[in-house]
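*Asks:* Chains as they are written, first to last, in this note's numbering: chain A, 1 to 114; chain B, 1001 to 1112. Just so you know, even glycine gets a beta-carbon here, dropped at the ideal spot from N, CA and C. Remember, predicted model here, so these are calculated numbers, not experimental data. Attaching a single structure in structure tokens format; questions to follow.
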């Protein structure tokens, strides 16, 4: 079975541009979460979606947005990129029958903003 | 969410047990203790979680003190592949909502 898949794996953008990151959860998982991990720090929670509804939002500016599609895949969008947005963006899915906090993470999308 | 305190780094010899401590003195009654690890250049990996009873699975054992203010993750026979950053997290298990607060974790180095 495929795990959580994320695309692209690496990308480089310049300040002011926007980026869209994509995530496909494990089959049968209806919850998707997004985390940002800056070098040297632990992952920071951005969003969580369950059944296409936003269930949680972290302390991130409105430049960050996300959505979940009927097939439970998800996109994370970041507008007006800043240098500080350079990070590893992690997507995780969960089967809530096991508890929503038992997450399976993807390998991440590494974003570099120049 | 309650906060956790972990030592920044630990060493362990291969084949020996690795005991990783975590303090969570402000944990609430409905909060579980979760452990994740992150091997370099990979996403975090779920290890184990528990509420108040000790738990064991194929990866590790989780020992939670009776007052629930601290816990220990035990890797019974550490291997080089267990070298990673280990995160202890406390969070309520609210069914469909999820928001894990990762700290800086413990960097475990397993050596020959």
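1. Reducing DSSP to helix, strand and coil, say where residue 62(A) ends up.
2. Mind checking the segment 1021-1036 of chain B against chain A and listing, in chain order, the residues whose C-beta falls within less than 9 Å of any C-beta there?
3. From the DSSP output, which residues share a beta bridge with residue 92(A)?
4. Are the CB atoms of residue 11(A) and residue 19(A) nearer to each other than 8 Å?
5. Using a beta-carbon distance cut-off of less than 7 Å, what residues from the segment 1061-1075 of chain B approach chain A?
6. Are the C-beta of residue 1046(B) and some C-beta of chain A separated by less than 8 Å?
7. Is there a Cβ from chain A that is less than 8 Å from the Cβ of residue 1050(B)?
8. Are the Cβ atoms of residue 1113(B) and residue 1100(B) separated by less than 8 Å?
9. Residue 69(A) touches chain B at which residues, Cβ-Cβ below 8 Å?
10. Please classify residue 32(A): is it buried, with 16 or more other beta-carbons within 10 angstroms of its beta-carbon, or exposed?
11. Would residue 88(A) pass as a contact of residue 37(A) if the rule is Cβ separation under 8 Å?
12. Could you name the residues of the same chain whose beta carbon sits closer than 8 Å to that of residue 9(A), not counting the 5 residues immediately before and after it, in chain order?
13. The beta strand (DSSP E) with residue 13(A) in it runs from where to where?
14. Looking at chain A, is there any beta carbon in it that lies within less than 8 Å of the beta carbon of residue 1093(B)?
15. Measuring straight from C-alpha to C-alpha, what distance separates residue 23(A) and residue 51(A)?
16. Going by the beta-carbon positions, is the gap between residue 1096(B) and residue 100(A) smaller than 8 Å?
17. For residue 1011(B), report the span of its beta strand (DSSP E) as first-last.
*Replies:* Straight from the coordinates:
1. coil
2. 1032, 1034, 1036
3. 33(A), 105(A)
4. yes
5. none
6. yes
7. no
8. Lying outside 1001 to 1112, the shown extent of chain B, residue 1113(B) is not represented and no answer is given.
9. Ordered by position in chain B, no residue passes the 8 Å Cβ test against residue 69(A), which lies about 18 Å from the chain.
10. buried
11. yes
12. 107, 108, 109, 110
13. 10-13
14. yes
15. 15 Å
16. yes
17. 1009-1013
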